[in-house]
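The structure appears right after this line, and notes come after that.
As structure tokens, this is what we get:
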């Protein structure tokens with residue numbers, strides 16, 4: 001069993017991981033903003049001011065599903 005000890009190999013992996021993580025987070029935040037504007041929702045008002053638990057659960061499901069779609073597109 002061979003262990004990779006080439007420093008440039010490790011650096012390439014770290015840079016690629018950081019790039020894809022940053023790209024995934026950027027896409028996730030932008031998709032939340034688009035979701036908020038598209039459906040004309042007031043996320044802050046519903047979640048913080050009115051403590052709407054049902055809306056929180058709905059939005060969590062939407063966020064998880066968008067995250068899965070983004071992850072699948074990055075991995076392919």
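Numbering (the UniProt record's numbering), first residue to last: 1 to 76. Where is the CB? At the ideal position from N, CA and C, for every residue including glycine. Just so we're clear, the structure is a prediction, and the values are computed from it rather than from any experiment.
Could you check the C-alpha separation between residue i and residue j for me, to the nearest Å?
i: residue 60; j: residue 27; result: 16 Å
i: residue 22; j: residue 15; result: 11 Å
i: residue 38; j: residue 44; result: 15 Å
i: residue 72; j: residue 13; result: 19 Å
i: residue 33; j: residue 53; result: 20 Å
i: residue 64; j: residue 58; result: 10 Å
i: residue 51; j: residue 11; result: 45 Å
Is it the case that the Cβ atoms of residue i and residue j are separated by a distance below 7 Å?
i: residue 24; j: residue 69; result: no
i: residue 49; j: residue 55; result: no
i: residue 66; j: residue 31; result: yes
Considering residue i, what are the terminal residues of the alpha helix (DSSP H) in which it resides?
i: residue 76; result: Element bounds for residue 76: n/a, residue is neither H nor E.
So, under 8 Å CB-CB, residue i and residue j are touching, yes? Tell me the CB distance rounded to an integer number of Å.
i: residue 62; j: residue 35; result: 6 Å
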